[in-house]
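> Please read through the structure below; I'll follow up with questions.
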Amino acid sequence: MIESPLFKRDVSNNISYVTPLVLLEKNIGLNIIEKRGLLTDMPRINESINIETKKYKISNLSLSFSNISYDGKRLSDDYTFLINAVVSIFFKTKSATNLDECLKVYRGKVLRVDHDELNIKLSIEDTTQLDIHKNIPI
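Counted from 1, the sequence shown has number 1 at position 1 by this note's numbering; the numbering is strictly sequential.
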């Protein structure tokens with residue numbers, strides 16, 4: 001469900017420009033990575049619902065970032081802080097100025113970090129099913 005009227009208005013046009021924003025929630029000083037231009041590919045998110053088993057699943061995903069030096073530091077300089085960090089992905093339209101005006105499309109936790117001189121790759125596990133799970137009395 002899209003809650004932001006600004007997001008609804010922006011995507012109702014025939015031509016929409018949407019940018020992914022990646023938010024790492026672990027007090028690491030790397031809030032929205034898109035502003036730095038470090039995200040090197042568009043994340044692909046798939047979801048499925050199995051009515052028989054009552055399972056809702058969003059795929060795990062990988063995010064790749066440029067490992068270039070930014071303000072004298074690289075993402076990989078101290079990559080252990082990324083393990084277990086909560087990652088949220090938002091879609092931002094051109095006129096959005098804060099996260100409340102963006103569409104949150106994914107939430108997960110970093111399981112693995114791989115890097116080399118040029119790139120750093122985060123393997124992220126979906127946490128949606130844990131967040132929305134409720135026991136229903138029969």
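Idealized CB from N, CA, C, for every residue including glycine.
Specify whether the region 90 to 105 and the region 69 to 79 touch according to this definition: at least 3 beta carbon pairs, one from each stretch, less than 8 angstroms apart.
Because the criterion of three Cβ pairs below 8 angstroms is not met, the region 90 to 105 and the region 69 to 79 do not touch.
> Taking L122 as the reference, which of T53, E52 and S64 has the closest Cα?
As a working note, residue 122 is residue 122 in the sequence shown. With distances taken between Cα atoms, L122 lies closest to S64.
> What does DSSP give as the partner residue(s) for E125 in the beta ladder?
Numbered from its first residue, the sequence shown carries residue 125 at position 125. Answer by DSSP bridge pairing, in chain order: K109.
> So what's D77 in DSSP terms, helix, strand or just coil?
The residue given as residue 77 occupies position 77 in the sequence shown. Three-state result, D77: helix.
> Which term fits I33, buried or exposed, when burial requires 16 or more other beta carbons within 10 angstroms of its beta carbon?
Reading the sequence shown from its first residue, position 33 is the one you call residue 33. Bear in mind that the predicted position of I33 carries a pLDDT of just 48, short of 50, making it unreliable; the figure below should be weighed with that in mind. I33 comes out buried.
> Please state the DSSP three-state secondary structure of L99.
Counting from 1 along the sequence shown, the entry for residue 99 is found at position 99. DSSP places L99 in helix when its eight states are reduced to three.
> Cutting at 6 angstroms between CB atoms, please list the residues of its own chain near N46, excluding the five before and the five after it.
Stepping through the sequence shown from its first residue, residue 46 is reached at position 46. S59, listed in sequence order.
> Straight-line CA distance for L82 to N14?
Numbered from its first residue, the sequence shown carries residue 82 at position 82. Numbered from its first residue, the sequence shown carries residue 14 at position 14. The alpha-carbon atoms of L82 and N14 are separated by roughly 38 angstroms.
> With DSSP run on the structure shown, which of helix, strand or coil describes P5?
In the sequence shown, the residue the question calls residue 5 occupies position 5. Residue state, collapsed to three classes: helix.
> Using 8 angstroms as the threshold, is the region 101 to 120 in touch with the region 84 to 91, meaning 3 or more CB pairs across them?
The region 101 to 120 vs the region 84 to 91: in contact.
> Ignore the nearest five residues each way along the sequence and tell me which others in Y79's own chain have a CB closer than 8 angstroms to its CB.
The residue given as residue 79 occupies position 79 in the sequence shown. For Y79, where only same-chain residues beyond five positions count, the Cβ hits under 8 angstroms are V113, H115 and I120.
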